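**Q** If you're matching positions, the sequence shown starts at 319 in the numbering used here and goes up one per residue.
Built from N, CA and C at the ideal position, the CB exists for glycine as well.
Note that the coordinates shown come from a computational prediction; the quantities given were computed from them, not determined experimentally.
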Amino acid sequence: MSGNACELLQQRMLLEAQQVQIHQLQETGKALLATLVASGVLTQERFEAQLHRLRFRHVLERHPLASSTDLAHVVSGLPLVIAQCCGHAATRTLREVSHPVRAATAGLPDRVCDGGVYVCGGYNGTEFLSLVDCFSPASGKWRPVLSMLYRREAAAAAVVSGQLFVCGGFDGTHRLRAAERFDPSTGVWQLLPTMEARRVGACAVSRCNKFHVCGGFDGTQYLRSTECFDPMRWVWEGAPPMHVPREGAAASTLDGWLYVLGGNNGTQTLSSAERFSAPVAWELLPPMSTPRDGATAAVLRGKLYVCGGFDGEQSLSLNSTERFDPATNLWRGLPPMLTRRAGAAAAVVVGRLYLCGGYDGAQNLAECERFDPHSRTWELLPALSCRRGYAAGAGAS
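1. Kindly indicate the opening and closing residues of the beta strand (DSSP E) around Pro368.
2. Alpha carbons only, please: which of Ala645, Leu467 and Pro559 is nearest the one belonging to Glu601?
3. How long is the line joining the alpha carbons of Asp643 and Gly620, rounded to whole angstroms?
4. Under 8 Å, with one C-beta from each stretch per pair, do the stretch 651-661 and the stretch 588-596 reach the 3-pair mark?
5. Use the C-beta contact count for Leu327: other C-beta atoms within 10 angstroms, 16 or more gives buried, fewer gives exposed.
6. Compute the beta-carbon to beta-carbon distance between Cys686 and Leu671, rounded to the nearest angstrom, for a pair I have assumed lies under 8 Å.
7. Give the C-beta separation of Leu572 and Val617 to the nearest angstrom, bearing in mind that I take them to be a contact with Cβ-Cβ under 8 Å.
8. On the criterion of 16 or more Cβ atoms from any shown chain inside 10 Å, does Glu471 qualify as buried, or is it exposed?
9. Give the DSSP-derived three-state secondary structure of Cys526 in the structure shown.
10. Inspect the beta-carbon positions of Gly627 and Arg610 and report whether they are closer than 8 Å.
11. Using the rule of at least 16 other Cβ atoms within 10 Å of the residue's Cβ for burial, across every protein chain shown, is Phe348 buried or exposed?
12. Check whether the stretch 666-685 and the stretch 490-505 touch, using three or more Cβ-Cβ pairs below 8 Å as the test.
13. Along the beta strand (DSSP E) that carries Trp696, what are the first and last residues, could you check?
14. Identify which residue in Thr657, Thr646 and Gly630 has its Cα closest to the Cα of Asn637.
15. If you compare alpha carbons, which of Arg694, Glu631 and Arg705 is closest to Gly661?
16. What separation, rounded to the nearest whole angstrom, lies between the Cα atoms of Ser465 and Gly676?
17. Please state the DSSP three-state secondary structure of Cys686.
18. Whose C-alpha, out of Gly443, Asp501 and Val463, is nearest the C-alpha of Gly490?
19. Rounded to the nearest angstrom, what separates Gly566 and Gly580 at their Cα positions?
20. For Ser543, which residues from the same chain have a beta carbon less than 7 Å from its beta carbon, with the 5 sequence-adjacent residues on both sides left out?
21. Leu603 and Val523 look like a contact to me (Cβ under 8 Å); what is the Cβ gap, rounded to whole Å?
22. Once the 5 residues before and after Gly612 are set aside, which same chain residues still bring their CB inside 6 Å of it?
23. Excluding five sequence neighbours on each side, which residues of the same chain lie with their C-beta closer than 6 Å to the C-beta of Pro500?
24. Tell me whether Ala390 is buried or exposed, calling it buried when 16 or more other Cβ atoms sit within 10 Å of its Cβ.
25. Straight-line CA distance for Thr695 to Val598?
26. Mapping DSSP to helix, strand and coil, what is Thr444?
27. If distances are taken between C-alpha atoms only, which option among Leu622, Glu631 and Gly669 comes closest to Thr646?
28. Going by beta carbon distance, what residues of the same chain come within less than 8 Å of Val393, once the five residues before and after it are set aside?
29. State buried or exposed for Asn582, treating a residue as buried only when at least 16 other CB atoms are found within 10 Å of its CB.
30. Ala367 and Ala712 - do their beta-carbons sit closer together than 8 Å?
31. Please report the straight-line C-alpha distance between Met550 and Leu509, rounded to a whole angstrom.
32. How is Glu345 classed by DSSP in three states: helix, strand or coil?
33. Along the chain, where does the beta strand (DSSP E) that runs through Thr491 open and close?
34. What beta strand (DSSP E) runs, 3 residues minimum, are completely inside the stretch 548-596?
35. Of all the options Tyr441, Val478, Gly487 and Gly537, which has the alpha carbon lying nearest to the alpha carbon of Pro502?
36. Return the chain-ordered list of same chain residues with a C-beta closer than 6 Å to the C-beta of Phe304, the five sequence neighbours on each side being excluded.
Here it is, written out as structure tokens:
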């Protein structure tokens, strides 16, 4: 037998002997583990955890980690990511109960951490605006926000899942189908797919994580059609039409119902109201006490509030307000606003109703006020940076 063949045979015999030893060690280890588990000295889970640590240490010794950033520094950024994904309301709650989130968001601007009243576009008496301002209830101050991509008067707006959606309106030349949304965490506007119809003086709400838009005027006819944008599917969807064509109507949501109130149908100012909740069709409600075109609507404490507008008879806009209680199906008058307003931007933030700008029948307004449902009083607020009639408003909380 040659030397190479002899060496190969020896290596083979050695390998077989080692395999036998490995098998014996495996059997011994299994028997030892079973004995320790049976006696209660060790559990299967603790054994596997310790084995994992041992294997990980051996791998780390062979392939040491080379990094200029330690794990603590990387993990410290997680609270900020969590806060930005949660939205305004959840972030404020997290800041109260979580020191890491509070520390991570301490230096962020209000647009990330706090809610606010957004006022978008409008008309100042000489030009159609793309300006956007945000009022912080916490600081009591207005601050400018990046302007919209379009100039818009009589647009519709709502906050959906923490982002501000604006659509339609009039830019001074065209009645718009264009829609866009603003992300407060990035401060950037993004174009959306265009609506099915051109809509000036439409109303909009957030419902079921979708942006619902109702009625308006397309330049030819007053609309009873409705549509909604699904941010998850990135498409506009058709929705059942209202009973009545409405431009300049007010809208809000309450207990899953979409309420639309007042407006005008091209021939008269409306006091009628209706509501919708799939799969139920639109149903008519008791009319408001006063016809209202260009009013605003909002929900506070389970009641539907409607403020201002034009009644179609007098040249000055209204300062009257009323409230609908779905439990009794009745309307009730409330203390009047401090200022007559139609086409105001409205929002509810932290349980209070904010009304900003609008038109009093003689001039566009910069004055702002808010209503406290607990004290049933109106309070004057700092004015907008300029007069703005028929701006779109929404609240991010």
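**A** Result, derived from the coordinates:
1. Reading off the sequence shown, one finds Gln at residue 368, where the question assumed Pro. Run containing Gln368: none in the beta strand (DSSP E); it sits in the alpha helix (DSSP H), Gln362 to Arg380.
2. The alpha carbon of Glu601 has as its nearest neighbour, out of Ala645, Leu467 and Pro559, the alpha carbon of Pro559.
3. Cα to Cα, Asp643 sits roughly 8 Å from Gly620.
4. Proximity of the stretch 651-661 to the stretch 588-596 falls short of the contact definition, fewer than three beta-carbon pairs being nearer than 8 Å.
5. Burial call: exposed.
6. Not quite, the Cβ-Cβ distance comes to about 11 Å (not below 8 Å), so this is no contact.
7. About 5 Å separates the beta carbon of Leu572 from that of Val617, a gap short enough to meet the 8 Å contact definition.
8. By the neighbour-count rule (16 or more Cβ atoms within 10 Å), Glu471 is buried.
9. Residue state for Cys526 is assigned as coil, using DSSP reduced to three classes.
10. Yes, Cβ-Cβ distance for Gly627 and Arg610 is below 8 Å.
11. The amino acid occupying residue 348 in the given sequence is Lys; Phe does not appear at that position. With fewer than 16 Cβ atoms within 10 Å of its Cβ, Lys348 is classed as exposed.
12. Contact between the stretch 666-685 and the stretch 490-505 is absent, because fewer than three Cβ pairs lie under 8 Å.
13. From DSSP, the beta strand (DSSP E) with Trp696 extends over Thr695 to Leu699.
14. Considering only alpha carbons, the answer is Thr657.
15. If we check each option's Cα against that of Gly661, Arg705 comes out closest.
16. For Ser465 and Gly676, the distance between alpha carbons rounds to 19 Å.
17. It is a strand residue.
18. Checking every option, the nearest Cα to that of Gly490 belongs to Gly443.
19. A direct Cα-Cα distance of roughly 8 Å separates Gly566 from Gly580.
20. So the qualifying residues of the chain are Ala515 and Pro559.
21. The pair is not a contact, with the Cβ atoms about 16 Å apart (cut-off 8 Å).
22. Cβ contact annotation for Gly612 (same chain, cutoff 6 Å, sequence separation greater than five): Gly566, Gly627, Phe628, Ala660 and Gly661, in chain order.
23. The question names Pro, but residue 500 in the sequence shown is Phe. The residues are Leu482 and Trp507.
24. Its pLDDT being 49, under 50, Ala390 is placed unreliably in this model, and the coordinates cannot settle the point.
25. Computed Cα separation, rounded: 36 Å.
26. Of the three classes helix, strand and coil, the one that applies to Thr444 here is coil, per DSSP.
27. Of the candidates Leu622, Glu631 and Gly669, the one whose C-alpha sits nearest the C-alpha of Thr646 is Leu622.
28. In this predicted model, Val393 has a pLDDT of only 47, less than 50, meaning its place in the structure is not dependable; the value taken from the coordinates is given anyway. Non-local C-beta neighbours of Val393 in its own chain, meaning closer than 8 Å and more than five positions away in sequence, are absent.
29. The residue is buried, with at least 16 neighbouring Cβ atoms inside 10 Å.
30. For Ala712 and Ala367, no; Cβs fall outside 8 Å.
31. Going from the Cα of Met550 to the Cα of Leu509 covers about 15 Å.
32. Helix, per DSSP.
33. Annotation for Thr491: no beta strand (DSSP E) segment contains it, and DSSP assigns it neither H nor E.
34. Along the length of the stretch 548-596, whole beta strand (DSSP E) runs at least 3 residues long occupy 553-557, 568-572, 575-579 and 591-595, reported in chain order.
35. Looking at the Cα atoms, Val478 is the closest of the given residues.
36. Here the chain comprises residues numbered 319 to 715, so residue 304 is not present and cannot be evaluated.
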